[in-house]
Structure formats: C-alpha cells, structure tokens
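A.B. asks: Here it is: the structure, laid out below.
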Amino acid sequence: MPNTIGLKQPFLGLVAALVAVCLSLGFAAQFDPAIFGSWVAQLIMSAIPMQIVIGLVWQSAYPGVLGRLTQPVKGLAILGMMTAAAAVMTPLILVLVGGGIGTPTPFAIMFTIVSVCGAFWLVAVFQCWPMAALSKHPAVIGLGVFVLAYVVTWVTFRLGFDFGAMVGAPFYAAALDPHGAFPAWNALSFIVTTVAVIMWFVMLDFWPSTTIAAAVPALSRQPLFGLLNAALILVIAGGIWSLGVTVMHMDVVDYMVRVPVSGLFGEFIMLVMMQTAPFQATRQPVKGLLLLGLVVVLAVIMYRAYAIAAALLVGVMPSGAPSYGLDLWIATAMLSVTFPVFVALGDGFAFWPLSRSGTTVAE
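Take this note's numbering: the final residue in the sequence shown is number 1385, and no numbers are missing along the way.
Listed below in structure tokens is the structure:
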C-alpha cells in the first residue's frame, strides 16, 4: 500500500475520527433537514447491513478478487457493493413497509434502523448462526445473514411496533401500522439500547459469558453461547432503558439520542477508529471497563459537538416533541452518516491514506 503519512495508534485513530467526523458533518450540511432525515437516512442505512456483512463476516476479503485489490481501489469496490445493496433494498423497503415509492416515512425509517440492529445481533451475538452451521462457504453465510437480518426485522417490526400514538400525523396510514405490542418509539429505543450493550460486550471480549462458558463447555457452542449473551444483554439493556425512561422520566426520543445513540457513537470511535487503543494490551474485564469509561465521556462530548454543529451548519431546529428536529438530526448524523464513514475509512480503506498497511496497531 502506498505510504503517505504512516500514523500508528492511538494517533491514527484520533486523526481518522476527526477526518471522518468532519467529512460526515460537511456532507450532512448539504441537505435540508427534512431530506436529510428521510431520503439521506434511508439510502445510507439501507447500505449498512451489507457493510456489516462485508466487514465483519467476509473480513473485506470476499469475493476473492476483493481481497487482492490494493487501496484505494478496494475501498471504492466495497462502497460500490454497499451502493448496490442500497439500490435494491431501498425500493423494497419503501414498497413493502412504507406503502410505495415516495418520501420515506417513519415506518420505513424505523424498519431500516431495526434491520441494522438485527444484523449486529446475528453477526456479533450469534456469530452468524444458523447460517454458519449450514455451510462454510462465505457467500452462503454472508448472503444468508443479510437475508435473515431482514426476516428477523420483519417479524420484530410486525410484532413489536405500534404507531398508534402517531395517528393524525401526515404520514400515518392505519394499513401500514403493524399494531404491535409496544409504542414504536419505545420499541426502537430499547432495540438500539441492546445494540449499545452488544458493543460493550464486544469491548469486553464477551466477558463474563466466556468465563461462564469455560465452566460449562456446552455453552461455548452456538446457539447456546448466543442465547447466554442474549439473556445478559436484554437484562442489562432493560435496566438501562428503565432507568432512563421510567425512573428518570426522560422523553423516550431524548433518551435514545443521548444514551444509546451517543453511547454507540463513542463505542464505534473506540472499536473502529481507535481499535481499543490505548488499552489494547489490558486484560479483561478491566479493558472493557476502561473503554466504557472513555465511551461515556465521548458520548457526552460528541452529543454536544453534534448539537453545536447542527446549529452552525443547518440552523436552529426544535428539540423535543412533537417534531424532535434537532434530536433526529443528531441521531442521523451520528449513526446513519458518521458510523458508516468510520467503518469505510477504518475497515474498507484500511485507514488509507493515513496509515501504512499493517501498521494500524500501537507500536
């Protein structure tokens, strides 16, 4: 790989994160908030499940020709694959969930967010089970996980989401409302909270589940290992959600943006940009706890930074009910735009042109 700067961690992660945030905010500033929160969010998020498959399942090395490409061609090829996925999934989601081709509604947007969460659950928690148990071929596993993520999302959306509180809104259509078990914002905020907890488990290298599985070897195999993790994740996420929404009486959307969304943003900085530096050699669970401490600090700082950026780049937007303009702009800018830029820069482009090949760890 051509060398231009040759940075190493932790400086590499700090510079890369700054570059990614600046690029993302510059991109976000080009759009009217209504377009940004609908079409831009929909199109980019429709590409993220494929990005997860390419990076986490295929390790950016499948198809074989992809693994042989050099940067920046490899990164551009990955972006092309993501664009193709978005071109297929966006109209499908709009037709099947949103009621037809047109401006994406909260039905389609929330469904798409859940599909991203579903992909994280399948890949991180269940390690691609059951697809990995059915075949060892990367195409079967990767594409199987991609399809299964949408199947899981469909079931979750139909059973769990109720938009009844939004009756009277311009987008609302009773025929499109799944009339599920929980208010839509409650369901979405809880699901996003579970993904934030999943990422903490990743920072912990899935401690204490690994310790439990070592004592009970049967639990080390999927799907039992995934079910063990799922039980812990759901309990912890339920406690966090209840503390914020029930005990502290936070507005559920404000809670979602300030806590799990901002927390995820901090986790992605530490995992993707920083590659867990400066704690790469620290033993678990101390490593995960130290990383969590930094994540909490980053969550607070980055929420304020994005709120300030919104005011400077877009203008004053109302926060809170009923429109949640500022809240949703921050969430979209963080996770719908900056997160895939993090992954594209750190994984797809392997930090090109900031780092030499193979020098992304601290030395």
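Every residue gets a Cβ at the ideal spot worked out from N, C-alpha and C, and that includes glycine. Model, not experiment: these values are computed from the prediction.
(1) Could you pull out every residue in the same chain whose Cβ sits closer than 6 Å to the Cβ of S1341, ignoring the five residues on either side in sequence?
(2) Classify T1233: buried if its beta carbon has 16 or more other beta carbons within 10 angstroms, exposed otherwise.
(3) Please state whether the Cβ-Cβ distance between V1214 and V1283 is less than 9 Å.
(4) Going along the chain, which residues of its own chain have a beta-carbon closer than 6 Å to the beta-carbon of G1166, five neighbours each way excluded?
(5) Short of 7 Å in beta carbon distance, which residues of its chain neighbour V1138, apart from the five on each side in sequence? Order them along the chain.
(6) I'd like the span of the alpha helix (DSSP H) that includes Q1073, first residue to last.
(7) What I want to know is whether the C-beta of F1185 ends up closer than 8 Å to one or more non-hydrogen atoms of the ligand FMN.
(8) Inspect the beta-carbon positions of V1079 and G1164 and report whether they are closer than 9 Å.
(9) For F1247, which of helix, strand or coil comes out of DSSP?
(10) How close, in whole Å, do the beta carbons of F1193 and T1127 come, if the pair is a contact with beta carbons under 8 Å?
(11) Secondary structure at F1204, three-state DSSP: helix, strand or coil?
(12) Please name the residue in T1134, E1289, G1370 whose C-alpha comes closest to that of A1218.
(13) For my contact list, Y1277 and V1267 are in at a C-beta cut-off of 8 Å; report their separation, rounded to the angstrom.
(14) Which runs of the beta strand (DSSP E), 3 residues or longer, sit entirely within the segment 1139-1214?
(15) R1280: buried (16+ other C-beta within 10 angstroms of its C-beta) or exposed?
(16) Rank A1209, A1355, A1197, F1373 by C-alpha distance to the C-alpha of V1275 and give the top, closest one.
(17) Looking only at C-alpha atoms, which of P1344, V1336, W1151, A1146 sits nearest to F1058?
(18) Please look up how many angstroms separate the CB atoms of I1074 and F1142, rounded, as I've assumed it's under 8 Å.
(19) Between which two residues does the alpha helix (DSSP H) containing V1322 stretch?
(20) Look up T1092 in the DSSP assignment and say whether it is helix, strand or coil.
(21) When you compare each of T1105, A1171, R1180 to W1151 by their alpha carbons, which one comes out closest?
(22) Closest to I1135 by C-alpha separation, out of Q1297, A1303, L1065, A1327, would be which residue?
(23) Is M1225 helix, strand or coil by DSSP?
(24) Quick check: L1034 and L1357, are their CB atoms within less than 9 Å of each other?
(25) Please classify V1294 as buried or exposed, where buried requires at least 16 neighbouring CB atoms within 10 angstroms.
(26) Taking contact to mean at least 3 C-beta pairs separated by less than 8 Å, is the segment 1181-1201 in contact with the segment 1115-1130?
(27) Shortest alpha-carbon distance to G1186 belongs to which of V1173, A1108, G1202, A1343?
(28) Any contact between the segment 1302-1321 and the segment 1175-1185? By contact I mean 3 or more CB pairs, one from each, below 8 Å.
(29) For T1092, is the classification buried or exposed, using 16 other Cβ atoms within 10 angstroms of its Cβ as the cut-off for buried?
(30) Given that a residue counts as buried once 16 or more other Cβ atoms are within 10 Å of its Cβ, and exposed if not, what is G1315?
C.D. replies: Let me lay it out:
(1) Position 319 of the sequence shown holds residue 1341. Correct list, in chain order: L1348, D1349.
(2) What you label residue 1233 is simply residue 211 of the sequence shown in a count that begins at 1. So T1233 ends up on the exposed side.
(3) Here the question's residue 1214 lines up with position 192 in the sequence shown. Here the question's residue 1283 lines up with position 261 in the sequence shown. Contact flag set, yes.
(4) Locating residue 1166 in the sequence shown gives position 144, counting from the first residue. M1153, listed in sequence order.
(5) Looking up residue 1138 in the sequence shown gives position 116. Once the five neighbours on either side are set aside, the close Cβ partners of V1138 are M1067, I1070, P1071.
(6) The residue you call residue 1073 lines up with position 51 of the sequence shown. It spans 1063-1074 - the alpha helix (DSSP H) in which Q1073 sits, taken as one unbroken run.
(7) By its list of ligands, the structure shown contains no ligand whatsoever, and the ligand FMN lies outside what it can speak to.
(8) Position 57 of the sequence shown, counted from the first residue, corresponds to residue 1079. Position 142 of the sequence shown, counted from the first residue, corresponds to residue 1164. Cβ atoms of V1079 and G1164: closer than 9 Å.
(9) As a position in the sequence shown, residue 1247 is number 225, starting the count at 1. The answer is helix: DSSP assigns F1247 an H, G or I state.
(10) Locating residue 1193 in the sequence shown gives position 171, where the first residue counts as 1. Locating residue 1127 in the sequence shown gives position 105, where the first residue counts as 1. Indeed they touch by this definition, with Cβ atoms about 4 Å apart.
(11) Position 182 of the sequence shown holds residue 1204. In the structure shown, F1204 sits in a strand (DSSP, three-state: E or B).
(12) Walking along the sequence shown from the start, residue 1218 turns up at place 196. Minimum Cα distance to A1218 is reached at E1289.
(13) By 1-based counting over the sequence shown, the position of residue 1277 is 255. By 1-based counting over the sequence shown, the position of residue 1267 is 245. Right, the Cβ-Cβ distance comes to about 5 Å (below 8 Å), so this counts as a contact.
(14) none
(15) Position 258 of the sequence shown, counted from the start, is the residue given in the question as residue 1280. Buried.
(16) Taking the first residue of the sequence shown as position 1, residue 1275 is located at position 253. Nearest C-alpha to V1275: A1209.
(17) The residue you call residue 1058 lines up with position 36 of the sequence shown. Ranking P1344, V1336, W1151, A1146 by Cα distance to F1058 puts V1336 first.
(18) As a first step, residue 1074 is located in the sequence shown; it is residue number 52 there, counting from the start. As a first step, residue 1142 is located in the sequence shown; it is residue number 120 there, counting from the start. That belief holds up - the Cβ atoms of I1074 and F1142 are roughly 7 Å apart, short of 8 Å.
(19) Taking the sequence shown and counting its residues from 1, one reaches residue 1322 at position 300. 1308-1335 is the span of the alpha helix (DSSP H), which, as asked, contains V1322.
(20) Looking up residue 1092 in the sequence shown gives position 70. The answer is coil: DSSP assigns T1092 none of H, G, I, E or B.
(21) The count along the sequence shown starts at 1 and reaches residue 1151 at position 129. When only C-alpha atoms are compared, the closest one is A1171.
(22) The count along the sequence shown starts at 1 and reaches residue 1135 at position 113. Closest option to I1135, Cα to Cα, is L1065.
(23) As a position in the sequence shown, residue 1225 is number 203, starting the count at 1. The answer is helix: DSSP assigns M1225 an H, G or I state.
(24) Start at 1 with the first residue of the sequence shown, and residue 1034 comes out as number 12. Start at 1 with the first residue of the sequence shown, and residue 1357 comes out as number 335. Not a contact, by the Cβ cut-off of 9 Å.
(25) Counting from 1 along the sequence shown, the entry for residue 1294 is found at position 272. V1294 comes out buried.
(26) yes
(27) As a working mapping, residue 1186 is identified with position 164 in the sequence shown. Nearest of V1173, A1108, G1202, A1343 to G1186, Cα basis: G1202.
(28) no
(29) Stepping through the sequence shown from its first residue, residue 1092 is reached at position 70. Answer is exposed; the Cβ neighbour count stays below 16.
(30) Here residue 1315 corresponds to residue number 293 of the sequence shown, with the count starting at 1. Answer is exposed; the Cβ neighbour count stays below 16.
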